Every structure is written in structure tokens, then in C-alpha cells.
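Enquirer: Mapping of the sequence shown onto my numbering: residues -6 to 198, in sequence order.
Heads up, the beta-carbon is just placed ideally off N, CA and C, and yes, glycines get one too.
Keep in mind that this is a model prediction, so the values were computed, not measured.
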Amino acid sequence: MRANAGTLLEKLITAYRGNRQQTHMLAIALIVFVALGHSILRFTSTPRFCNGCHEIKPAYQSWQISIHSEVTCENCHIPAGHINYVTHKLRALRNIYTHIAIPDQSEVPIIQPEIRKLINSLCSRCHSLNRTMAFSGGLYVPHKKHMDEGLMCTTCHAKLVHGQGGQKARKPTMDTCMICHNGTRAPEACGICHITLAITEERAQ
-6 MRANAGTLLE
4 KLITAYRGNR
14 QQTHMLAIAL
24 IVFVALGHSI
34 LRFTSTPRFC
44 NGCHEIKPAY
54 QSWQISIHSE
64 VTCENCHIPA
74 GHINYVTHKL
84 RALRNIYTHI
94 AIPDQSEVPI
104 IQPEIRKLIN
114 SLCSRCHSLN
124 RTMAFSGGLY
134 VPHKKHMDEG
144 LMCTTCHAKL
154 VHGQGGQKAR
164 KPTMDTCMIC
174 HNGTRAPEAC
184 GICHITLAIT
194 EERAQ
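1. Using 8 Å for Cβ pairs, my map puts Ile185 next to Gly131. What's the rounded Cβ distance?
2. For a test of the three-state rule: what should DSSP assign to Val64, helix, strand or coil?
3. Once DSSP output is grouped into helix, strand and coil, what is the label at Leu122?
4. Check this for me: beta carbons of Tyr78 and Glu67, under 9 Å apart or not?
5. Helix, strand or coil for Leu199, going by three-state DSSP, please let me know.
6. Can you give the beta carbon distance from His155 to Ser55, rounded, assuming they're within the 8 Å contact cut?
7. Between the beta-carbon of Cys146 and the beta-carbon of Asn113, is there less than 9 Å?
8. Give the secondary structure of His187 by DSSP, where H, G and I count as helix, E and B as strand, and everything else as coil.
9. Could you pull out every residue in the same chain whose Cβ sits closer than 7 Å to the Cβ of Met18, ignoring the five residues on either side in sequence?
10. Work out the CA separation of Ser59 and Glu48 for me, nearest whole Å.
11. If we ignore side chains and look at the alpha-carbon of each, how far apart do Leu34 and Arg41 end up?
12. Near Pro165, what residues of its chain come up, given a Cβ to Cβ distance below 6 Å and the 5 sequence neighbours on each side ignored?
13. Just tell me which of Cys69, Ala28, Leu1 has its CA closest to the CA of Leu153.
14. Check for me: the alpha helix (DSSP H) holding Pro51 runs from which residue to which?
15. Look at Cys43 and His92 and say whether their C-beta atoms are less than 9 Å apart.
16. How many whole angstroms separate the CB atoms of Thr65 and Thr37, which I take to be in contact at a CB cut-off of 8 Å?
17. Run through DSSP, which three-state label would Leu144 get?
18. Count the other CB atoms within 10 Å of the CB of His120; is the residue buried (16 or more) or exposed (fewer)?
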């Protein structure tokens, strides 16, 4: 093995000495390719680039005025990991082709469903799912318990970034809670969430 390795190294050295100019040009081309590729990846990961397509402009504009305006598109729409990042970029090539080749078709599904769908792990990059929120009126919201039941963050916090969700998206209304807390899918007793009411109910008993 060592002899073979030595022979291979000698061949590489000989090839380099015989073609120094070509080797230098190849090395420079490789460096330029890597640097250019890295720059392209960084630029195509910015909200500014996403806004370049007219299909995305409404989403971009709503993001600009949302409470998540300091968070980039990829932070919420691309799962963590290098493989997911590269996979997303490869799929996005189809979007660019569609945008250029069929510019007049407004019904073209420019964004794949898997990219539009947000998963809890993306939210947990910034938001702890283990926290318990306490609001006025003794309202108690254990986030992890809801996650364990299979709920998505967007189940309660819909249209938080894209759309006119506003304050209602940050703090869901009672109507949103009652979709599940109807006595069938989840308990409907007031004291389940409203701790002060639970204490009152216990005292009444």
C-alpha cells in the first residue's frame, strides 16, 4: 500500500512539474468556482432575492410588516441541515425555470407544498416549546402539551407572518381554542386553561 501511495504521489508531482501552468489555472478556476458558488448560495438565500419574483411579492410585503421581519425566509422555510439546504436549492431551480419559461401563468404552483408548510422544529429554533404562557384572566397555555398532542404551531398561530393575522395571530381568540376544546377532541371545562376559574370551581365543590 505504501509503495502504491508513493508511486501515485510521484506521478502527481511529475504531472505537476510538467504542466505547472495548467495546474495553476485549474486551481484558480476551482477557487473562483467555489467562491462564486458560495456567493450565489448566500444571495439566493436572502429575502431580497425571493422578492425578485412577482409571485412572492405579496408574501414579502406581509413579511416586512410582521413581527418576524428580522427573520429570513430560509429560517422558517428550510429545515436545518446541509442536506436539506442543498435539496431545497436544487428544487428551487425548477421554480426559477418556471418563472422564466412560463411568466404569464399565474396559477403555476411556484412554491412546493413542503416548503410552504411550516414544521414545529423550525419555530423551535427561536421559540422554546417547553415554556408555559400565562395571560390575563388566569389563562394557562402549556405549549409542550399541545405539541405532544400533535398540534402544529400554525394550528393556533395562523397568518402570523403572511396575512393579516395581527394581534389575533399572536394571541388566538377563544373561538380558535374551542375548535379543539369542544368536549370531544379536548376537555371543555373552563378550569383546564383558566387557572383562577379552576380554583373557584374547586372551592365551590
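Expert: In short, the structure shows the following:
1. That belief does not hold up - the Cβ atoms of Ile185 and Gly131 are roughly 12 Å apart, past 8 Å.
2. coil
3. coil
4. yes
5. For the chain, the structure presents residues -6 to 198; residue 199 sits outside this window and is missing.
6. 5 Å
7. yes
8. strand
9. none
10. 19 Å
11. 13 Å
12. Cys149
13. Cys69
14. 50 to 57
15. no
16. With a Cβ gap of about 12 Å, Thr65 and Thr37 do not count as contacting.
17. coil
18. exposed
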